[in-house]
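Q: As they're listed, the protein sequences go chains A and B.
Counting from 1, one number per residue, gives the positions in the first sequence under full-length UniProt numbering.
Counting from 1, one number per residue, gives the positions in the second sequence under full-length UniProt numbering.
2 protein chains.
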Amino acid sequence: MSIDLRPSQALGLWHAATLEHLRIIGPDLTIRQMAILLHIYLAPPPHTVRGLAARLGVTKPVITRALDTMGAMSLVKRVRDDRDKRNVIIKRTVEGALFVEKLGDIIIAEGRKLPDRDGARA
Amino acid sequence: MSIDLRPSQALGLWHAATLEHLRIIGPDLTIRQMAILLHIYLAPPPHTVRGLAARLGVTKPVITRALDTMGAMSLVKRVRDDRDKRNVIIKRTVEGALFVEKLGDIIIAEGRKLPDRDGARA
DNA sequence: AAAGCTTGTTACGGTACCGTTTCATGGTGA
DNA sequence: TCACCATGAAACGGTACCGTAACAAGCTTT
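1) Counting only beta-carbon separations shorter than 8 Å, does K113 of chain B have a partner in chain A?
2) Does H39 of chain B have its Cβ less than 8 Å from a Cβ in chain A?
3) Please specify which runs of the beta strand (DSSP E), each continuous and at least 3 residues long, are wholly inside the stretch 6-89 of chain A, giving them in chain order.
4) For V49 of chain B, count the other beta carbons within 10 Å of its own beta carbon; 16 or more makes it buried, fewer makes it exposed. Which is it?
5) Counting only beta-carbon separations shorter than 8 Å, does T18 of chain A have a partner in chain B?
6) Tell me, please, which residues DSSP counts as bridged to K102 of chain A.
7) Would you decide whether S8 of chain A is buried or exposed? Buried here means 16 or more other CB atoms lie within 10 Å of its CB.
8) Between the stretch 24-35 of chain B and chain A, which residues of the former have CB atoms less than 8 Å from a CB of the latter, in chain order?
9) Just to confirm, are G96 of chain A and L37 of chain A a CB contact at a threshold of 8 Å?
10) With the cut-off set at 8 Å, would you say L114 of chain A and I3 of chain B are in Cβ contact?
11) Please tell me whether A10 of chain B has its Cβ less than 8 Å away from any Cβ of chain A.
12) Please list, in chain order, the chain B residues whose beta carbon lies closer than 8 Å to that of I107 of chain A.
13) Quick check on the burial criterion: 16 or more other C-beta atoms within 10 angstroms. Buried or exposed for A72 of chain B?
14) Please indicate yes or no: does the CB of G57 of chain A lie closer than 7 Å to some heavy atom of the ligand SAH?
15) Would you verify that the beta carbon of L22 of chain B is, or is not, closer than 8 Å to some beta carbon of chain A?
16) Find the nearest neighbour of I90 of chain A within the set A:L22, A:G12, A:L98, A:H39, judged by alpha-carbon distance.
17) Between the Cα of L56 of chain B and the Cα atoms of B:R32, B:R6, B:A17, B:D81, which residue gives the shortest distance?
18) Nearest chain A C-beta to L103 of chain B closer than 8 Å, yes or no?
19) Below 7 Å on C-beta distance, what does S2 of chain A contact in chain B?
20) To the nearest whole angstrom, what separates the beta carbons of I106 of chain B and I24 of chain B, a pair I think is in contact under 8 Å?
21) Please determine, among B:P46, B:P27, B:L29, the residue with the shortest C-alpha to C-alpha distance to R83 of chain B.
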């Protein structure tokens, strides 16, 4: 199930997908925000501020601010945990799911487009 | 030569590689800077400010600032074009080549590690 | 050589991120 | 009940990005 990439393929894929990401989505998300968003949508819930901070190796305010920003974009939403009201559960949204799906489409499309030539020579 | 990814693979790879990128490299590069850096190292030279701006669909000051930042990190360097002294040719550096190579290693490693289970349910 | 175009840089005001610290709120254990 | 701990948010000063506009320096054209 794992995929085996050659260096030129790996970097070519990253390069192309990053360009497409910028073209379609814009520069509005930082790498950290991307990581947080992907984690919320790909790792099994529930997600909390503390849990995300620990998993990503950042401080809690980083998560709080990222949730502020991405919440304003409707990519995620916050819900208080009723069982422990100190907790905030981060929920997925329809917009966020579409966003992540679009990102996946970009990667898949760029993977298919990978050229035959070896474009990576550093 | 192209690679065919399923959605869960594409997003899983992106997710894992983004996390590793943050863990190893840190949050010091924006998505735009990543795109610029990869373009410099993967697309055939010569690279100019204007050319990069056109290719990436951004304004020239964005490129100038990115070159300032990445130059301070020794990831790229600027050289005046002797034939047309208005031009600046962006050159690769040893540090930058190592950086890009490390990024490739991360992607390859995460591709190999992709799990059997379908981790993507949005 | 003087006007005009091209190239890359700098300046400006605004916005958003960063890490650290402080805080309000809610649960927990003696 | 009353310290005490845990959680997430807000405040603070600093830094770096953003887009637009203005700019200096170098070709080019007549």
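Glycine included, every Cβ here is placed at the ideal spot set by N, Cα and C.
Predicted model, so just to flag it, every value in this text is computed and none were measured.
A: From the atom records:
1) yes
2) yes
3) 76-80
4) buried
5) yes
6) DSSP output for K102 of chain A lists no bridge partner at all.
7) buried
8) P27, L29, T30, I31, R32, M34, A35
9) yes
10) yes
11) yes
12) L5, A10, L11, L13, W14
13) exposed
14) Because no ligand of any kind appears in the structure shown, any question about the ligand SAH cannot be addressed here.
15) yes
16) A:H39
17) B:R32
18) yes
19) G111, R112, K113, L114
20) 7 Å
21) B:P46
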